[in-house]
Amino acid sequence: MATITPDILAAHNVTADEYSKILSILGREPNLTELGIFSVMWSEHCSYKSSRVHLKKLPTRSKYVLLGPGENAGIIDIGDGLGVAFKIESHNHPSFIEPFQGAATGVGGILRDIFTMGARPIAVLDSLRFGPLDDPQTGARNRRIVEGVVSGISHYGNCFGVPTVGGECVFDKSYAGNPLVNVFALGVIEKEKIFLGQAHGVGNPVIYVGAKTGRDGIHGATMASDEFTEESKQKRPNVQMGDPFLEKLLLEACLEVMETGAVVGIQDMGAAGLTCSTCEMGSRAGTGIEIDLALVPQRETGMTPYEIMLSESQERMLLVAIKGREQEVFDVFEKWGLDAAEIGIVTDTGMLVVKNHGEIVAHIPNRELADEAPLYNRPYTKPARKAPMDAPAFTSADLKADLIRLLSSGDMCSKKWIYEQYDYMVRTNTLYGPGGDAAVVRIKGTDTSVAISLDGNGRYCSLDPREGAKLGVAEACRNISTVGAQPMAATNNLNFGNPQKPEIMAQLVEAIEGMADACLHFETPITGGNVSLYNETLGEGIHPTPVMGIVGVLKTGKPMPIEFQSAGKTVLLLGGFRDQQDLTRFGSTQYANVIVGGPWGLPPALDMDYEKRVHSAIRKIVTEGLSESAHDLSDGGLAVALAESSFGGIGARITLPASERPEVQLFHEAPSRILVSTAKAQEVRAIADEFQVEIVEIGTTEAGKLVIADRIDASIEELRQPWSTSLEMLLHA
Amino acid sequence: MLWHRDAAIPNDIDAVILPGGFSYGDYLRCGAIAKFSPIIGAVKEFAAKGGIVIGICNGFQILTECHLLPGALVRNTNLQYICKPVALRVETTNTPFTNQATKGQIVTFPIAHGEGRYTADPETLDQLEAEDRVVFRYVDNPNGSLRDIAGICNKERNVLGMMPHPERATDPLMGSADGLTVFRSIVTAFAAK
Chain A
1267 MATITPDILA
1277 AHNVTADEYS
1287 KILSILGREP
1297 NLTELGIFSV
1307 MWSEHCSYKS
1317 SRVHLKKLPT
1327 RSKYVLLGPG
1337 ENAGIIDIGD
1347 GLGVAFKIES
1357 HNHPSFIEPF
1367 QGAATGVGGI
1377 LRDIFTMGAR
1387 PIAVLDSLRF
1397 GPLDDPQTGA
1407 RNRRIVEGVV
1417 SGISHYGNCF
1427 GVPTVGGECV
1437 FDKSYAGNPL
1447 VNVFALGVIE
1457 KEKIFLGQAH
1467 GVGNPVIYVG
1477 AKTGRDGIHG
1487 ATMASDEFTE
1497 ESKQKRPNVQ
1507 MGDPFLEKLL
1517 LEACLEVMET
1527 GAVVGIQDMG
1537 AAGLTCSTCE
1547 MGSRAGTGIE
1557 IDLALVPQRE
1567 TGMTPYEIML
1577 SESQERMLLV
1587 AIKGREQEVF
1597 DVFEKWGLDA
1607 AEIGIVTDTG
1617 MLVVKNHGEI
1627 VAHIPNRELA
1637 DEAPLYNRPY
1647 TKPARKAPMD
1657 APAFTSADLK
1667 ADLIRLLSSG
1677 DMCSKKWIYE
1687 QYDYMVRTNT
1697 LYGPGGDAAV
1707 VRIKGTDTSV
1717 AISLDGNGRY
1727 CSLDPREGAK
1737 LGVAEACRNI
1747 STVGAQPMAA
1757 TNNLNFGNPQ
1767 KPEIMAQLVE
1777 AIEGMADACL
1787 HFETPITGGN
1797 VSLYNETLGE
1807 GIHPTPVMGI
1817 VGVLKTGKPM
1827 PIEFQSAGKT
1837 VLLLGGFRDQ
1847 QDLTRFGSTQ
1857 YANVIVGGPW
1867 GLPPALDMDY
1877 EKRVHSAIRK
1887 IVTEGLSESA
1897 HDLSDGGLAV
1907 ALAESSFGGI
1917 GARITLPASE
1927 RPEVQLFHEA
1937 PSRILVSTAK
1947 AQEVRAIADE
1957 FQVEIVEIGT
1967 TEAGKLVIAD
1977 RIDASIEELR
1987 QPWSTSLEML
1997 LHA
Chain B
2 MLWHRDAAIP
12 NDIDAVILPG
22 GFSYGDYLRC
32 GAIAKFSPII
42 GAVKEFAAKG
52 GIVIGICNGF
62 QILTECHLLP
72 GALVRNTNLQ
82 YICKPVALRV
92 ETTNTPFTNQ
102 ATKGQIVTFP
112 IAHGEGRYTA
122 DPETLDQLEA
132 EDRVVFRYVD
142 NPNGSLRDIA
152 GICNKERNVL
162 GMMPHPERAT
172 DPLMGSADGL
182 TVFRSIVTAF
192 AAK
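Heads up: the protein sequence lines correspond to chains A and B, in order.
For any residue, its number in the numbering used here is found by taking its place in the first sequence, counting from 1, and adding 1266.
For any residue, its number in the numbering used here is found by taking its place in the second sequence, counting from 1, and adding 1.
Right, here's the structure in full:
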């Protein structure tokens, strides 16, 4: 047996304390395979050891939540005997090392999390963050990463046959050495047919299905729990390879085998592969699992037990069937042309016993391995921040030029170049695809549709993680409400730097606490999610970037567009102008960032009570069919929202009250505001009054032009053209 | 739903649709593996007997691969997958798929493909045009297809291949119901029999 040396421990990212815990659990020294198994299960990625203490602060329940955190995905009740299963997950580290496969397998992984529950995936959204495309030092690499990630998502999602219906794409220097690829997936499930990853029933067979095991992705989870260094680029073999068509077959086979009634529990092999699926299924059921690796379908010869247990080869699942009904399982997988092999049985010992040709190569208690990972209450101080507090002196030379610059900037320009590479309508349920405030997907056979929005704002969070996280929740809920839906529940992806640095840990703690406050307030419990730490390159952390995926429900119908629909209609600003006197709170805006060279100060002020009343008001306005268009104000404030609302060809003539700081009035990102065009202004006003929120009439729609007081006078084409072509120009400069 | 491993088409089938998708993953050339699946032999027989066959998107690619239709579909000129609604012009109403349309009518169907650029030698293209077999043309060519061709039929006019998706344009909620024309035409063709 190999002796475990400090070098071996270091190579596995296992600390001395963690090693002594392993020694006390086993009562002996582990062999190398066992150490490998512990190292992946206790990696940050799999165990949440630095975040679990704080994740407990998040609300996770409501009357709609059928299944909260802890399983492969959360599930909420949407009526008609149906639920939706959804979750977001990151594939940040692999996407930096190998953008195409990294992103592709990110899509594959989250889809398996959904269909392993018994849900059929019906929508994917992506939240992407990259370094600036025009950066003199890193631009070329950033462009290559964007192209690779987008084509990877396109390749996997399109071939699998799930529509990619929306998301967000943001550029900032802090992501140049560490892009973020967060993928959200949602599936529909019959409430009575939820499958769990539990290995019940002593004596039941453990069956391996799907792709063969290779050497790819070994230690992916450990890599995802480490910072990037120059050597990281050599970790390419740690990135897995995806086969989306095989996953499509696996989906159909899994859903079909679940219908047979022969399946007790099922779990996908994601991070930490066979290791994670065996010990988690055993731990959840309080059972033991015994497998023999010689029975595992392998696509390479001479693989060691260590390699087989740690491989992260894609498109694999582990299921436990009822003893005596194995053949039903094999028949289904044979029909779909997939491998299925009985590799072991469920036992009553509580132990994970791994054999290789009958010889025991690992012998570990399941529960301790899966649930007794070290828990760190890491010290934290004040959140790191670099930006100054005070605003610099600035005055706009040309507001129209400023607006065009904002509309052409990476964050705000049209993302058509990206989303036209995604099949966003396959399965013919997409009522509102990419480009709106929220995506809307109908559930066939019911009157119900779901609305989904992904939102995060790293810049806000870099200035104040607590407030930034709240604003993220508020914006996602506002987006959902603007299409007329009721926000129901959330999933979160927490992307942060190295938690061993107290000022980074503080960002994580404050963001979670802010998110907890907001999710409680907006009644969107967190049903699951993902934490991605160590997003640092050469010691430099990313902006703290919590990403929210919020799911809402609405009655199926013609979706509310963001664009003005016809000339001569009243344009109203629901929520009002809000207090904009404090220039400190202007420092986080896109204007401050793109035009002035910020950021500085603080994120915009949020009044959660007011915000929630605005949501109620717009939901009522939209569901009663009183508006012709509705679009929430976010990046770039009022002027950008007006421009985006005009891109269908109908613009507006806007009058504004006098202001000493017209830049601030036009571009402030104060939340709780929605632009509405309507032929029924009186009724709309009455609803605003009912919910005690301000509403201001600011103008009238008009074909072909956008005129904002005496400040901006532009043809729509003048604004639309740079907005729609900018991303492609930035990419192919 | 017919299974790819089946070798026969049941007698009560009136029309066969080869839908979109990624047959066998299309990791080689789109449709190149699908043409070897057992059901394809039956589809060829069905078509030879005058049965109605439509290949949409991947289905069109398969029909060209197994030579029920001429030409080939190669990568879009921008080398990217493209998903968006596009305007098409109906070029002939003399087919079982367009008898309910008017010649020159503009319809909007979505496209969703990476390899949709229709290619054939000039003689074949001339022949298609001379025989009135170009069924749909792109108004604003999205993928570089030769002569803007979006859909063609065989000489006997019972086999149609097209890259755009009429089935995705069958509900106003989805943005367009123009695709119903194709399916209503087929029904009409049967009613006339």
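Here a beta-carbon is modelled for each residue, glycine too, at the ideal position from N, C-alpha and C.
Quantities reported herein were computed from a predicted structural model and do not represent experimental measurements.
Check: Going residue by residue through the region 1705 to 1773 of chain A, where are the continuous beta strand (DSSP E) segments of at least 3 residues, counting only ones entirely within it?; Outcome: 1705 to 1708, 1714 to 1721, 1752 to 1761
Check: Counting only Cβ-Cβ distances shorter than 9 Å, please list the residues of the region 1343 to 1375 of chain A near chain B, keeping chain order.; Outcome: none
Check: Can you tell me whether residue 1506 of chain A is buried or exposed, with buried defined as 16 or more other CB within 10 angstroms of its CB?; Outcome: buried
Check: Do you know whose CA, among B:94, B:97, B:77, B:19, lies nearest residue 209 of chain B's CA?; Outcome: Outside the modelled stretch of chain B, which goes from 2 to 194, sits residue 209 of chain B, for which no answer is possible.
Check: For the beta strand (DSSP E) holding residue 1456 of chain A, just list the boundary residues, first then last.; Outcome: 1446 to 1456
Check: On a Cα-Cα basis, can you pick out the residue from A:1340, A:1315, A:1300, A:1306 that is closest to residue 1791 of chain A?; Outcome: A:1340
Check: Between residue 1632 of chain A and chain B, is any beta-carbon pair separated by less than 8 Å?; Outcome: no
Check: Does any residue of chain A bring its CB to less than 8 Å from the CB of residue 161 of chain B?; Outcome: no
Check: May I have a chain-ordered list of the beta strand (DSSP E) segments no shorter than 3 residues that lie completely inside the region 146 to 190 of chain B?; Outcome: 150 to 154, 160 to 163
Check: Tell me the DSSP secondary structure of residue 1698 of chain A in three-state form.; Outcome: strand
Check: In whole angstroms, give me the CA-to-CA distance for residue 1706 of chain A and residue 1285 of chain A.; Outcome: 49 Å
Check: Rounded to the nearest angstrom, what separates residue 6 of chain B and residue 38 of chain B at their Cα positions?; Outcome: 6 Å
Check: Can you list, in chain order, the residues of the region 63 to 88 of chain B whose Cβ is nearer than 8 Å to any Cβ on chain A?; Outcome: 81, 82, 83, 84, 85
Check: What does the Cβ neighbour count give for residue 1392 of chain A, buried or exposed, with the cut at 16 atoms within 10 Å?; Outcome: buried
Check: Going by alpha carbons, who is nearest to residue 110 of chain B out of A:1848, A:1385, A:1692, A:1777?; Outcome: A:1692
Check: Can you give me the C-alpha to C-alpha distance between residue 114 of chain B and residue 1451 of chain A, rounded to a whole angstrom?; Outcome: 22 Å
Check: Note down the Cα distance separating residue 1971 of chain A from residue 1829 of chain A, rounded to an integer number of angstroms.; Outcome: 13 Å
Check: Since residue 1473 of chain A contacts residue 1608 of chain A with CB under 8 Å, what's their CB separation in whole angstroms?; Outcome: 5 Å
Check: Compare the C-alpha of residue 1563 of chain A against each of A:1840, A:1475, A:1676 and name the closest.; Outcome: A:1475
Check: Just to make sure I have the definition right: I need the residues of chain A whose C-beta is within less than 7 Å of the C-beta of residue 169 of chain B. Which are they?; Outcome: 1691, 1694
Check: Who are the neighbours of residue 139 of chain B on chain A, taking C-beta pairs under 9 Å?; Outcome: None at all; the shortest Cβ gap to chain A is about 15 Å.
Check: Using DSSP's beta-bridge definition, name the partner residues of residue 138 of chain B.; Outcome: B:90, B:150
Check: Count the CB pairs spanning the region 1308 to 1316 of chain A and the region 1433 to 1448 of chain A that are closer than 8 Å, and state whether there are at least three.; Outcome: no
Check: Inspect the CB distances between the region 1764 to 1780 of chain A and the region 1911 to 1929 of chain A and report whether three or more fall short of 8 Å.; Outcome: no
Check: Can you name the residues of chain A whose CB is closer than 7 Å to the CB of residue 22 of chain B?; Outcome: 1427
Check: Can you check DSSP and say which residues form a bridge with residue 83 of chain B?; Outcome: B:114
Check: Establish whether the CB of residue 1824 of chain A and some CB of chain B are separated by less than 8 Å.; Outcome: yes
Check: For residue 1655 of chain A, is the classification buried or exposed, using 16 other Cβ atoms within 10 angstroms of its Cβ as the cut-off for buried?; Outcome: exposed
Check: What three-state label does DSSP hand residue 1856 of chain A in the structure shown?; Outcome: helix
Check: Report the residue ranges of all beta strand (DSSP E) runs contained in full by the region 1558 to 1596 of chain A; include only those spanning at least 3 residues, in chain order.; Outcome: 1582 to 1587
Check: Less than 8 Å separating the beta-carbons of residue 1745 of chain A and residue 1388 of chain A?; Outcome: no
Check: Going by other Cβ atoms of all chains shown within 10 Å of its Cβ, with 16 needed for buried, is residue 1678 of chain A buried or exposed?; Outcome: buried
Check: Residue 1 of chain B versus chain A: which residues are under 8 Å apart at the beta carbon?; Outcome: Lying outside 2 to 194, the shown extent of chain B, residue 1 of chain B is not represented and no answer is given.
Check: Whole angstroms is fine: what's the gap from residue 1554 of chain A's alpha carbon to residue 1544 of chain A's?; Outcome: 9 Å
Check: Against chain B, with Cβ distances strictly below 8 Å, would residue 1381 of chain A count as a contact?; Outcome: no
Check: When you compare each of A:1411, A:1517, A:1272 to residue 1453 of chain A by their alpha carbons, which one comes out closest?; Outcome: A:1517
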